[in-house]
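Asks:
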Amino acid sequence: MAEKITLTRPDDWHLHVRTGEILKAVLPHTARQFARAIIMPNLAPPVSTVDRALRYRSEIIQAIPEDRHFTPLMTLYLTDATSCEEMAKAAQSEHIHACKLYPAGATTNSDAGVSHVSRIYPVLEAMQKLDLPLLIHGETTDSDHDIFDREKIFIDRTLSEIVKTFPGLRIVVEHVTTREAVQFVQAASANIAATITPQHLLYNRNALLAGGIRPHHYCLPIIKRECHRQALVAAAISGNPKFFLGTDSAPHLQQRKESACGCAGCYTAHAALELYCEVFDRANALHRLEGFASHYGADFYRLPRNRETITLRKNTWQVPAHYCVGTDRLIPLQAGERLHWQLSLQHDRL
Ligand code: NCD
Ligand code: ZN
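Residue 176 in our numbering sits at position 179 of the sequence shown; the count goes up by one each step and never skips.
1) Along the chain, which unbroken stretches of the alpha helix (DSSP H) at least 4 residues long are found entirely within the region 175 to 224?
2) Can you list, in chain order, the residues of its chain with a C-beta nearer than 6 Å to that of PRO43? Leave out the 5 residues immediately preceding and following it.
3) Please tell me whether, using a cut-off of 8 Å, the distance from the CB of HIS214 to the nearest non-hydrogen atom of the ligand ZN is below it.
4) Just reading off the beta strand (DSSP E) that HIS11 is part of, what are its end residues?
5) What I want to know is whether the C-beta of GLU136 ends up closer than 8 Å to one or more non-hydrogen atoms of the ligand ZN.
6) What is the DSSP secondary structure of HIS94, reduced to helix, strand or coil?
7) Who does LYS311 pair with in a DSSP beta bridge?
8) When the Cα atoms are used, what is the spatial distance from HIS337 to ASP153?
9) Using a Cβ-based criterion (distance less than 8 Å to any ligand heavy atom), does HIS249 qualify as near the ligand ZN?
10) Is ASP245 near the ligand ZN, judged by its Cβ being under 8 Å from some heavy atom?
11) Indicate, with yes or no, if the ligand ZN has a heavy atom lying under 8 Å from the CB of GLU177.
12) Determine the direct distance from the alpha carbon of HIS94 to that of PRO130, and round the result to whole angstroms.
13) Is the Cβ-Cβ distance between ILE35 and LEU286 less than 9 Å?
14) Count the other C-beta atoms from every protein chain shown that fall within 10 angstroms of the C-beta of GLN89, then say buried if there are 16 or more, exposed otherwise.
15) How is LEU347 classed by DSSP in three states: helix, strand or coil?
16) In three-state DSSP terms, what is ASP325?
17) Can you look up TYR298 in the DSSP assignment and give me helix, strand or coil?
18) Taking a contact to mean a Cβ-Cβ separation below 9 Å, would you say THR137 touches THR162 in this structure?
19) Can you find at least 3 beta carbon pairs, one from the region 244 to 258 and one from the region 177 to 189, that sit closer than 8 Å?
20) Closer than 8 Å to a non-hydrogen atom of the ligand NCD - does that hold for the CB of GLU350?
21) For the candidate residues GLY262, ALA290, GLY259, whose alpha-carbon lies nearest to that of LEU272?
22) Return the CA-CA distance between ARG49 and THR68, expressed in angstroms with no decimal places.
23) Quick check on ALA318: buried or exposed, where buried means 16 or more other Cβ atoms within 10 Å of its Cβ?
Right, dumping it as structure tokens:
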């Protein structure tokens, strides 16, 4: 039984850090583990231009603890009004690494998202030419569609069309949650990849709804049946470079989660790597964690792999019941529960 594991320092390829007080509270959690993170642009108003992304980047940099090296990798939020000129500007910027497609109404702060994907086909064409990756929240928004089927319907009707129409476009299907999504990505060409969150690897929908409703397990896409969780674990531990780490850590204050109409999003940045380590250990696949967490994402984004290492030790510890954000609270995933791996704090150079 391994008692410790040393990895190339990982990156988080899907992260929400918000702004203001929340940003200051959550960024140190990410920066203690990850060297870089793809920063989601779903602020209100959205980060839909290069200028706004650069301003947001400066705010994030201000929030990095002094003793940490951390690089935010910025993305742009696509709207019906996004222009091909803005894409050219984005491709020129060393700080913009991708654009995010939110179908309008699919999730938190997606109202300004794309109403019909065909509207942005000229923009996708430009992105394909410029080799700018497209990140997709892959769910339909039709209120007639069952919430548990929205990812599958999106893949069948919209994603397949995008992939066919733009065969050279690099695409990340974000936070995949179903067996069908895993199979789609596996069967697609090498320019199609996916991120997987810790909550979708750890839980099935019973963790959300059985024995009482647990709002801190509510995120979008919603957690699915056990057979889907198993397909996600199999993909994550497979060593297939198309699948890599993206926490989708999505902080919302306690009262916004514990409400008659609670926000979607799990806060996982406090123990992201430890949560993934738990999953890989249970599946006897710790030897596959480094590829998933530290290599495949960087390779896909054509960025150098990190040169530092981090070490996790086998040690049982208790996740805090909450973190403070001013006078408010943030409830982390697995609050008050025990985890069996813990990050050592020093970062060693290779
Ligand atoms: C995210 C958020 O809160 O910004 N919520 C979530 O449930 N994952 C948005 C998203 O990635 O869908
Ligand atoms: Zn997200």
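Using N, Cα and C, we set each Cβ at its ideal position, and we do this for glycine too. Being a predicted model, the structure only gives us computed values, none of them experimental.
Replies: Put simply:
1) Within the region 175 to 224, the alpha helix (DSSP H) runs of at least 4 residues that lie entirely inside it are, in chain order, 176 to 184, 195 to 199, 203 to 206.
2) In the sequence shown, counting from the first residue as 1, residue 43 sits at position 46. Taken in chain order, the residues that qualify are TYR74, ALA109.
3) On the sequence shown, residue 214 is found 217 positions in, with the first residue counted as 1. Checking the Cβ of HIS214 against the ligand ZN gives no.
4) Along the sequence shown, one-based indexing puts residue 11 at 14. If you look at HIS11, you'll find it in the beta strand (DSSP E) that goes 9 to 12.
5) Working through the sequence shown from its first residue, we reach residue 136 at position 139. Closer than 8 Å to some heavy atom of the ligand ZN: that does not describe the Cβ of GLU136.
6) Residue mapping note: residue 94 aligns to position 97 of the sequence shown, counting from 1. Looking at HIS94 - three-state DSSP - the assignment turns out to be strand.
7) Against the sequence shown, residue 311 aligns to sequence position 314. The beta-bridge partner set that DSSP reports for LYS311 consists of TRP338.
8) Translated into the one-based positions of the sequence shown, residue 337 becomes position 340. Translated into the one-based positions of the sequence shown, residue 153 becomes position 156. So the alpha carbons of these two residues sit roughly 39 Å apart.
9) By 1-based counting over the sequence shown, the position of residue 249 is 252. Checking the 8 Å criterion, the Cβ of HIS249 is out of range of every heavy atom belonging to the ligand ZN.
10) In the sequence shown, residue 245 corresponds to position 248, counting from 1. In terms of side-chain proximity, the C-beta atom of ASP245 is found nearer than 8 Å to a non-hydrogen atom of the ligand ZN.
11) Here the question's residue 177 lines up with position 180 in the sequence shown. No.
12) Locating residue 130 in the sequence shown gives position 133, counting from the first residue. Locating residue 94 in the sequence shown gives position 97, counting from the first residue. If I take the Cα positions, the gap works out to 7 Å.
13) By 1-based counting over the sequence shown, the position of residue 35 is 38. By 1-based counting over the sequence shown, the position of residue 286 is 289. Cβ atoms of ILE35 and LEU286: not closer than 9 Å.
14) On the sequence shown, residue 89 is found 92 positions in, with the first residue counted as 1. Flag for GLN89 reads exposed.
15) For the purposes of this step, residue 347 is identified with residue 350 of the sequence shown, where counting begins at 1. Reliability of the predicted coordinates at LEU347 is poor, the pLDDT of 46 falling under 50, and no value is obtained from them.
16) In the sequence shown, counting from the first residue as 1, residue 325 sits at position 328. ASP325: strand per DSSP, three-state reduction.
17) Working through the sequence shown from its first residue, we reach residue 298 at position 301. It is coil, neither helix nor strand.
18) Within the sequence shown, the letter at position 140 stands for residue 137. Within the sequence shown, the letter at position 165 stands for residue 162. No. Outside cutoff.
19) No, they do not touch.
20) This structure leaves residue 350 out entirely; the chain is present only between -2 and 347.
21) Locating residue 272 in the sequence shown gives position 275, where the first residue counts as 1. Considering only GLY262, ALA290, GLY259, the residue with the shortest C-alpha distance to LEU272 is ALA290.
22) On the sequence shown, position 52 is the one that residue 49 refers to. On the sequence shown, position 71 is the one that residue 68 refers to. Each residue's Cα considered, the two are about 17 Å apart.
23) Residue numbering aside, residue 318 sits at position 321 when the sequence shown is read from its first letter. Exposed: under 16 other Cβ atoms inside 10 Å.
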